[in-house]
Amino acid sequence: MEEMMGSKSRKKRCQSVAAALLPLAILLVAIAGLPDTAVASRLPSIEGIVESASGTHVAVRGNTYDIGHATVRSTSGISVSLSEVARGRKVKLYLSKGKVTAVVVYPADMIE
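For what it's worth, the working numbering labels the leading residue of the sequence shown as 8, then goes sequentially.
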């Protein structure tokens, strides 16, 4: 009987520890945010070949976009320089509220 009481006590302690850690886990997720790919997959996007690139502006599929404030990554998720977004490169632009927030640059040998 005493063993059963000890088991119940341990179970209660585990539950209280879990309850105490839950807000911490939620806070960590909120601070860290969602992975870029999870967020990006829900955003409208434009994919195509860069027709022209000048400073922070690129033309893709006949429209010009400002990518100066966007994160630029390779297809493997590694941050790359804005200079990688060059004429002839395949890109995918992710938009939020009409502004480009992320750019994925495909390998140089990839063509559409």
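Beta carbons are placed, not taken as given, at the ideal position from N, Cα and C, and that holds for glycine.
Q | Exposure label - A115; buried when at least 16 CB within 10 Å | A | exposed
Q. What do you reckon, is the C-beta of H76 under 7 Å from a heavy atom of the ligand MN?
A. Because no ligand of any kind appears in the structure shown, any question about the ligand MN cannot be addressed here.
Q.
Assuming the contact rule is C-beta atoms closer than 8 Å, V111 and V98 should be a hit. Round their C-beta distance to whole Å, please.
A. 7 Å
**Q.** Exposure of I74, with buried meaning 16 or more beta-carbon neighbours within 10 Å
**A.** buried
**Q.** V107 to V79 span [Cα, whole Å]
**A.** 10 Å
Q. Apart from the five residues on each side of it in sequence, which residues of its chain come closer than 7 Å, Cβ to Cβ, to S81?
A. V87, V112
Q: Rounded to whole angstroms, what's the CA-CA distance from E58 to V92? Just pull it up for me.
A: 10 Å
(Q) Helix, strand or coil, according to DSSP, for L89 in the structure here? (A) helix
Q | DSSP-derived helix/strand/coil call for K99 | A | strand
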